[in-house]
Amino acid sequence: MTSQMNRENKLVLLLSKQNHYMTSEELADLLDTSTKTVYRLVKKINTEFQNGHLILSEKGKGY
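Residue numbers (the UniProt record's numbering): 1 to 63.
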């Protein structure tokens, strides 16, 4: 498994276990990456998900 896929899996797992919004900064810290990488991962995951968006976001709250 590539590190990119590993980060994608970790991101989905982190968000699926939460019952509250998480900011890109919080996710970046947990994934040991930058916020820009978090944005790219979310975009990639949502692009690959066929039935709409897997990861939803709300401006000012997070994912």
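Idealized CB from N, CA, C, for every residue including glycine.
Just so it is clear, the structure is predicted and the values come from calculations on it, not from any experiment.
Return no unless some Cβ of chain D is closer than 9 Å to the Cβ of residue i.
| i | result |
| --- | --- |
| residue 11 | Structure shown: chain D not included; a single protein chain is present. |
Can you tell me where the alpha helix (DSSP H) with residue i in it begins and where it stops?
| i | result |
| --- | --- |
| residue 39 | 35 to 48 |
| residue 29 | 24 to 31 |
| residue 10 | 3 to 16 |
Regarding residue i and the ligand FMN, is the C-beta to nearest heavy atom distance less than 8 Å?
| i | result |
| --- | --- |
| residue 46 | Among the ligands in the structure shown, none appear at all, so the ligand FMN cannot be discussed. |
Which residues does DSSP pair with residue i in a beta bridge?
| i | result |
| --- | --- |
| residue 62 | 58 |
Tell me, to the nearest whole angstrom, how far the beta carbon of residue i is from that of residue j; I am working on the premise that it is less than 8 Å.
| i | j | result |
| --- | --- | --- |
| residue 38 | residue 24 | 5 Å |
| residue 33 | residue 7 | 7 Å |
Using 8 Å as the threshold, is the stretch 12 to 25 in touch with the stretch 35 to 51, meaning 3 or more CB pairs across them?
-> Contact holds: three or more Cβ-Cβ distances are below 8 Å.
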